[in-house]
Amino acid sequence: MVQGFVFGNSKQRGKNKMADLWKESFDHAIAVARKAGAVIRDALQNEVKIMTKSSSVDLVTKTDQKVENII
């Protein structure tokens with residue numbers, strides 16, 4: 899502020915900053931989803947070992963564990 903004058907529109911700058919943060923978050927989420935998808939696609943061609951978590955109907959694979967770590 900110079901002699902009571904504010905340079906630029908502070909509300910607009912705030913909206914742009916928020917839009918940038920949302921875009922950055924969205925882009926990151928997409929990148930994570932693509933990486934997890936690549937792991938799953940690869941496993942569909944190669945993985946056969948299945949384990950159980952808490953019961954015989956609660957199945958988990960190495961791919962599940964890898965994707966969980968990515969996310």
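For the sequence shown, this note's numbering begins at 899 and goes up steadily by one. Heads up, the beta-carbon is just placed ideally off N, CA and C, and yes, glycines get one too.
>> Report the start-end ranges of each alpha helix (DSSP H) in the segment 907-963 that is 4 residues or longer and not cut off at the edges.
In response: 908-944
> Rounded to a whole number of angstroms, what is the C-alpha to C-alpha distance between residue 949 and residue 965?
Replying inline: 15 angstroms
>> Would residue 961 and residue 929 qualify as a contact pair, given that the criterion is a beta-carbon distance under 8 angstroms?
In response: no
>> Is the separation between the beta-carbon of residue 968 and that of residue 934 shorter than 8 angstroms?
In response: yes
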